[in-house]
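Visitor: Below you'll find the structure I mean.
Protein chains: 2
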Amino acid sequence: MTSSPKPLAQPISITANTLKVACSQCNLRELCLPLGLNEQEMHKLDDLVGTRRRVKRGTHLYRATDPFEAIYAIRSGFFKTGVIAEDGREQVTGFQMAGEIMGMDGIGTEHHTCNAVALEDSEVCPIPFAKLEDMSREIGTLQHHFHKVMSREIVREHGVMVLLGTMRAEERLAAFLLNLSQRFSSRGYAPNEFHLRMTRDEIGSYLGLKLETVSRTFSRFQEDGLVSVQQKHVRIVDPAGLKKLMSRNC
Amino acid sequence: MTSSPKPLAQPISITANTLKVACSQCNLRELCLPLGLNEQEMHKLDDLVGTRRRVKRGTHLYRATDPFEAIYAIRSGFFKTGVIAEDGREQVTGFQMAGEIMGMDGIGTEHHTCNAVALEDSEVCPIPFAKLEDMSREIGTLQHHFHKVMSREIVREHGVMVLLGTMRAEERLAAFLLNLSQRFSSRGYAPNEFHLRMTRDEIGSYLGLKLETVSRTFSRFQEDGLVSVQQKHVRIVDPAGLKKLMSRNC
DNA sequence: ACCTTCAGTTGACGCATGTCAATCCTCGCC
DNA sequence: GGCGAGGATTGACATGCGTCAACTGAAGGT
Numbered sequence: 004m005t006s007s008p009k010p011l012a013q014p015i016s017i018t019a020n021t022l023k024v025a026c027s028q029c030n031l032r033e034l035c036l037p038l039g040l041n042e043q044e045m046h047k048l049d050d051l052v053g054t055r056r057r058v059k060r061g062t063h064l065y066r067a068t069d070p071f072e073a074i075y076a077i078r079s080g081f082f083k084t085g086v087i088a089e090d091g092r093e094q095v096t097g098f099q100m101a102g103e104i105m106g107m108d109g110i111g112t113e114h115h116t117c118n119a120v121a122l123e124d125s126e127v128c129p130i131p132f133a134k135l136e137d138m139s140r141e142i143g144t145l146q147h148h149f150h151k152v153m154s155r156e157i158v159r160e161h162g163v164m165v166l167l168g169t170m171r172a173e174e175r176l177a178a179f180l181l182n183l184s185q186r187f188s189s190r191g192y193a194p195n196e197f198h199l200r201m202t203r204d205e206i207g208s209y210l211g212l213k214l215e216t217v218s219r220t221f222s223r224f225q226e227d228g229l230v231s232v233q234q235k236h237v238r239i240v241d242p243a244g245l246k247k248l249m250s251r252n253c
Numbered sequence: 004m005t006s007s008p009k010p011l012a013q014p015i016s017i018t019a020n021t022l023k024v025a026c027s028q029c030n031l032r033e034l035c036l037p038l039g040l041n042e043q044e045m046h047k048l049d050d051l052v053g054t055r056r057r058v059k060r061g062t063h064l065y066r067a068t069d070p071f072e073a074i075y076a077i078r079s080g081f082f083k084t085g086v087i088a089e090d091g092r093e094q095v096t097g098f099q100m101a102g103e104i105m106g107m108d109g110i111g112t113e114h115h116t117c118n119a120v121a122l123e124d125s126e127v128c129p130i131p132f133a134k135l136e137d138m139s140r141e142i143g144t145l146q147h148h149f150h151k152v153m154s155r156e157i158v159r160e161h162g163v164m165v166l167l168g169t170m171r172a173e174e175r176l177a178a179f180l181l182n183l184s185q186r187f188s189s190r191g192y193a194p195n196e197f198h199l200r201m202t203r204d205e206i207g208s209y210l211g212l213k214l215e216t217v218s219r220t221f222s223r224f225q226e227d228g229l230v231s232v233q234q235k236h237v238r239i240v241d242p243a244g245l246k247k248l249m250s251r252n253c
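Laid out in structure tokens, this is it:
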């Protein structure tokens, strides 16, 4: 159903039975924390990253209030992060895929402030944060790149604020699909055909909509020939049409 | 009209005619970047921070696409930050006051991604970012505190996402007022009486509402005896009532 | 002090999205 | 292979907020 991954630049095969895989050998390194490091620096990073941790679908990688010790690079799989307000309302704050970094919300308060849940069986590389700071003091490239990663998270959230603050349902869903498409694409997957890992309810929470509205909007897109949807399987038929939809009504 | 500032802990008088004022002498240091540094480290930081820059009301501190060179600590005044989507829609992403740090959105792309506009005559302390990274490699405390500042920005934005994604107009405005109240309070100003520096339109943009809705909601709060509003002057009459409003209807 | 301009308030009305409910579809499990 | 449960779809109806418009009030400049 889902398209198979195409290799990224310089693919490197990994022996299947080693749980600990070095950054220097990881085919995600161009998307992940090691970006920009030279050979020697990358090997130092290998020592930093802990052994990989499997997270089964539906289970938490961390929960709000857990003590903060590490950030996590996603080696494979798919996650959602979300916060729960005092009164119990839940808001999905993001969906994360391979090569992305999670857990930076915990630095400020020494404990996590979101929940992170695997939406499919996944693997993460824990990066003990105290050690990351130590190594950042030695390797300027690493320090700078980590700052970039955090900054981009801030900018990503600005984008979500624009979405939630100014867009109508159709525009929100179009923006969501195009964003997923772009991220799958940059990981070597087909940009226009993919499997949604999350439910309509989770999409709705992320987009500030009710699940019924998400479902109806998908149906409308299908009627209009923009996408073809069957449950969680999505094919973007008319990417340009989706883009145009987002810039109308200004 | 507005209450006068009460001194923070350990107030230190500043000679009025020096434009460059050291962090070590700044009465905002407990709120700002130097937090947690010892005497010696603080003096190093003094060399890092550039001369203060005045920003007149209504003018930009920086604009989206400006090359990124420094982050800014607000010495005095009040700012808004916002992004403009491709199609021209504007979304206010935050309001910043003394002691807060702005500009971290620019790290990831080497140029700023928001606009920052002074809502009253203000002063900022520019912190050249390359130098901050250099010094962070020497002073672990500074490095760690900077990471905390960025992390808290991420968490703050999560809060805005909850607001925009799940709250109704009344709840949004109540949350907004209580947030301002808390921040004024921690700067030594009266928590329950303050002057809004922004227009109804800017509040609306931040809260994902139209200015008419903001205005109507203020009026309703006044009828219900929660606040007393006259244009930009706000007095919170019943803080507990506002808080209760936010946790209803879950 | 007056005028101009911009911000804020208020009302009437419409629409997009939420709410409630019934039904259908899929997938995993026995 | 059939069954059960949860996810998804669709319809009918309700409502909160947006839109449009008129009016009021405050601030700033000459």
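Those protein sequence lines, which keep their order, are chains H and V. Numbered according to this note's numbering, the first sequence spans residues 4 to 253. Numbered according to this note's numbering, the second sequence spans residues 4 to 253. Don't be surprised by glycine CBs; every beta carbon is placed ideally from N, CA and C.
#1: Kindly say whether residue 124 of chain V, judged by its beta-carbon, lies nearer than 8 Å to any beta-carbon of chain H.
#2: Would you check if the segment 50 to 67 of chain V and the segment 168 to 182 of chain V touch, i.e. whether three or more CB-CB distances between them fall below 8 Å?
#3: For residue 151 of chain V, which residues in chain H fall below 7 Å Cβ to Cβ?
#4: Using C-beta distances below 8 Å, list every residue in its chain close to residue 227 of chain H, excluding the 5 sequence neighbours before and after it, in chain order.
#5: Please confirm whether residue 165 of chain H and residue 86 of chain V have their CB atoms less than 8 Å apart.
#6: Hey, how far is the Cα of residue 109 of chain V from the Cα of residue 131 of chain V?
#7: Kindly indicate which residue of H:133, H:248, H:161 has the alpha-carbon position closest to the one of residue 275 of chain H.
#8: Assign residue 106 of chain V to one of three DSSP states: helix, strand, or coil.
#9: With burial defined as no fewer than 16 other Cβ atoms inside 10 Å of the residue's Cβ, what is the status of residue 41 of chain V: buried or exposed?
#10: DSSP state of residue 122 of chain H, grouped into three classes?
#11: Is it the case that the Cβ atoms of residue 229 of chain H and residue 240 of chain H are separated by a distance below 8 Å?
#12: Any contact between the segment 89 to 104 of chain H and the segment 142 to 151 of chain V? By contact I mean 3 or more CB pairs, one from each, below 8 Å.
#13: For a contact meaning CB atoms closer than 9 Å, what does residue 146 of chain H contact in chain V?
#14: Taking the alpha-carbon positions, what's the residue 204 of chain H to residue 210 of chain H distance?
#15: State whether the segment 109 to 127 of chain H contacts the segment 150 to 158 of chain V, with contact taken as three or more CB pairs (one from each stretch) at a distance under 8 Å.
#16: Residues of chain H with CB under 7 Å from residue 167 of chain V, in chain order?
#17: Pull up the DSSP beta-bridge partners for residue 56 of chain V, would you.
#18: Can you check whether the CB of residue 121 of chain V is closer than 8 Å to the CB of residue 82 of chain V?
#19: According to DSSP, residue 93 of chain V sits in a beta bridge with which residue or residues?
#20: Which value, in whole angstroms, describes the spacing of the CA atoms of residue 76 of chain H and residue 202 of chain V?
#21: Please check if any C-beta of chain H sits within less than 8 Å of the C-beta of residue 241 of chain V.
#22: Does the beta carbon of residue 62 of chain H sit closer than 8 Å to a beta carbon anywhere in chain V?
#23: Drop a sphere of 10 angstroms on the beta-carbon of residue 60 of chain V, count the other beta-carbons inside from all chains shown, and report buried for 16 or more, exposed for fewer.
#24: Could you pull out every residue in the same chain whose Cβ sits closer than 8 Å to the Cβ of residue 124 of chain V, ignoring the five residues on either side in sequence?
#25: Please classify residue 62 of chain V: is it buried, with 16 or more other beta-carbons within 10 angstroms of its beta-carbon, or exposed?
#26: Residue 142 of chain V to residue 142 of chain H, Cα distance in whole Å?
#27: Anything in chain H within Cβ reach of residue 107 of chain V, meaning under 7 Å, just list it in chain order.
#28: Between the C-alpha atoms of residue 95 of chain V and residue 117 of chain V, what's the straight-line distance to the nearest angstrom?
#29: Going by DSSP, what residue range makes up the beta strand (DSSP E) through residue 65 of chain V?
#30: Among the residues of its own chain, which have a CB less than 8 Å from the CB of residue 36 of chain H, if the five just before and after it don't count?
#31: Alpha carbon to alpha carbon, how far is residue 221 of chain V from residue 55 of chain V? Give it in angstroms, no decimals.
#32: Of all Cβ atoms in chain H, is any one closer than 8 Å to the Cβ of residue 171 of chain V?
#33: Exposed or buried, what is residue 32 of chain V when buried is set at 16 or more other beta-carbons lying within 10 Å of its beta-carbon?
#34: Per DSSP, residue 76 of chain H forms a beta bridge with which residues?
#35: Any idea what DSSP makes of residue 157 of chain V, helix, strand or coil?
#36: Rounded to the nearest angstrom, how far is the Cβ of residue 157 of chain V from that of residue 106 of chain V, given a contact under 8 Å?
Guide: Let's see:
#1: Stepping through the second sequence from its first residue, residue 124 of chain V is reached at position 121. Output row for residue 124 of chain V: interface = no.
#2: no
#3: Here the question's residue 151 of chain V lines up with position 148 in the second sequence. Ordered by position in chain H, the residues that pass the 7 Å Cβ test against residue 151 of chain V are 110, 111.
#4: Residue 227 of chain H sits at position 224 when you count from the first residue of the first sequence. Here the set comprises 244.
#5: Counting from one through the first sequence, the residue named residue 165 of chain H turns up at place 162. Counting from one through the second sequence, the residue named residue 86 of chain V turns up at place 83. Between residue 165 of chain H and residue 86 of chain V, the C-beta spacing is below 8 Å.
#6: For the purposes of this step, residue 109 of chain V is taken as the residue at position 106 of the second sequence. For the purposes of this step, residue 131 of chain V is taken as the residue at position 128 of the second sequence. Answer to the nearest angstrom: the Cα atoms are 12 Å apart.
#7: The requested residue 275 of chain H does not occur in the structure, where chain H is confined to residues 4 to 253.
#8: Here residue 106 of chain V is taken as the residue at index 103 of the second sequence, counted from 1. Note: residue 106 of chain V maps to coil in three-state DSSP.
#9: Counting from one through the second sequence, the residue named residue 41 of chain V turns up at place 38. Here residue 41 of chain V is exposed, its C-beta having fewer than 16 other C-beta atoms within 10 Å.
#10: To locate residue 122 of chain H, count along the first sequence from 1; it is residue 119. Residue state, collapsed to three classes: coil.
#11: Looking up residue 229 of chain H in the first sequence gives position 226. Looking up residue 240 of chain H in the first sequence gives position 237. It is a contact, given that the beta carbons lie within the stated cut-off.
#12: Contact fails: fewer than three Cβ-Cβ distances are below 8 Å.
#13: Here the question's residue 146 of chain H lines up with position 143 in the first sequence. The answer, in chain order, is 136, 139, 140, 146.
#14: Counting from 1 along the first sequence, the entry for residue 204 of chain H is found at position 201. Counting from 1 along the first sequence, the entry for residue 210 of chain H is found at position 207. If you take the alpha carbons of residue 204 of chain H and residue 210 of chain H, they lie about 10 Å apart.
#15: yes
#16: Taking the first residue of the second sequence as position 1, residue 167 of chain V is located at position 164. Neighbours of residue 167 of chain V on chain H, chain order: 164, 167, 168, 211.
#17: Counting from 1 along the second sequence, the entry for residue 56 of chain V is found at position 53. V:127, per the DSSP bridge assignment.
#18: One-based indexing of the second sequence puts residue 82 of chain V at position 79. One-based indexing of the second sequence puts residue 121 of chain V at position 118. Their beta carbons are under 8 Å apart, which means residue 82 of chain V touches residue 121 of chain V by this criterion.
#19: Start at 1 with the first residue of the second sequence, and residue 93 of chain V comes out as number 90. According to DSSP, which records beta bridges pairwise, residue 93 of chain V is partnered with V:87.
#20: Taking the first residue of the first sequence as position 1, residue 76 of chain H is located at position 73. Taking the first residue of the second sequence as position 1, residue 202 of chain V is located at position 199. Looking at the two C-alpha atoms, the distance is approximately 42 Å.
#21: Numbered from 1 along the second sequence, position 238 holds the residue referred to as residue 241 of chain V. No, its Cβ sits nowhere closer than 8 Å to a Cβ of chain H.
#22: As a position in the first sequence, residue 62 of chain H is number 59, starting the count at 1. It does not: the Cβ of residue 62 of chain H has no partner Cβ on chain V nearer than 8 Å.
#23: Reading the second sequence from its first residue, position 57 is the one you call residue 60 of chain V. Exposed is the call here.
#24: Numbered from its first residue, the second sequence carries residue 124 of chain V at position 121. For residue 124 of chain V, where only same-chain residues beyond five positions count, the Cβ hits under 8 Å are 57, 58, 59, 60, 80.
#25: One-based indexing of the second sequence puts residue 62 of chain V at position 59. Under a 10 Å Cβ-count criterion, residue 62 of chain V is classified as exposed, with fewer than 16 other Cβ atoms of the shown protein chains found around its own Cβ.
#26: Residue numbering aside, residue 142 of chain V sits at position 139 when the second sequence is read from its first letter. Residue numbering aside, residue 142 of chain H sits at position 139 when the first sequence is read from its first letter. A straight line joining the alpha-carbon of residue 142 of chain V with that of residue 142 of chain H spans about 14 Å.
#27: Numbered from 1 along the second sequence, position 104 holds the residue referred to as residue 107 of chain V. Simply 154, 157.
#28: Sequence index remark: in the second sequence, residue 95 of chain V carries index 92 (1-based). Sequence index remark: in the second sequence, residue 117 of chain V carries index 114 (1-based). If I take the Cα positions, the gap works out to 9 Å.
#29: Taking the first residue of the second sequence as position 1, residue 65 of chain V is located at position 62. Segment 63 to 65, the beta strand (DSSP E) holding residue 65 of chain V.
#30: On the first sequence, residue 36 of chain H is found 33 positions in, with the first residue counted as 1. Closer than 8 Å at the Cβ level, and outside the excluded window around residue 36 of chain H, lie 26, 48, 76, 104, 130, 145, 148, 149, 152.
#31: Position 52 of the second sequence holds residue 55 of chain V. Position 218 of the second sequence holds residue 221 of chain V. Near 37 Å, if we compare the C-alpha coordinates of residue 221 of chain V and residue 55 of chain V.
#32: In the second sequence, counting from the first residue as 1, residue 171 of chain V sits at position 168. No, residue 171 of chain V lies away from the interface with chain H (no Cβ there is under 8 Å from its Cβ).
#33: Within the second sequence, the letter at position 29 stands for residue 32 of chain V. Buried, because 16 or more other Cβ atoms sit within 10 Å of the Cβ of residue 32 of chain V.
#34: Along the first sequence, read from residue 1 onward, the residue named residue 76 of chain H stands at position 73. Beta-bridge pairing links residue 76 of chain H to H:104, H:128.
#35: In the second sequence, counting from the first residue as 1, residue 157 of chain V sits at position 154. Helix at residue 157 of chain V.
#36: Position 154 of the second sequence, counting from 1, holds the residue named residue 157 of chain V. Position 103 of the second sequence, counting from 1, holds the residue named residue 106 of chain V. Contact flag wrong, Cβ pair sits at about 15 Å.
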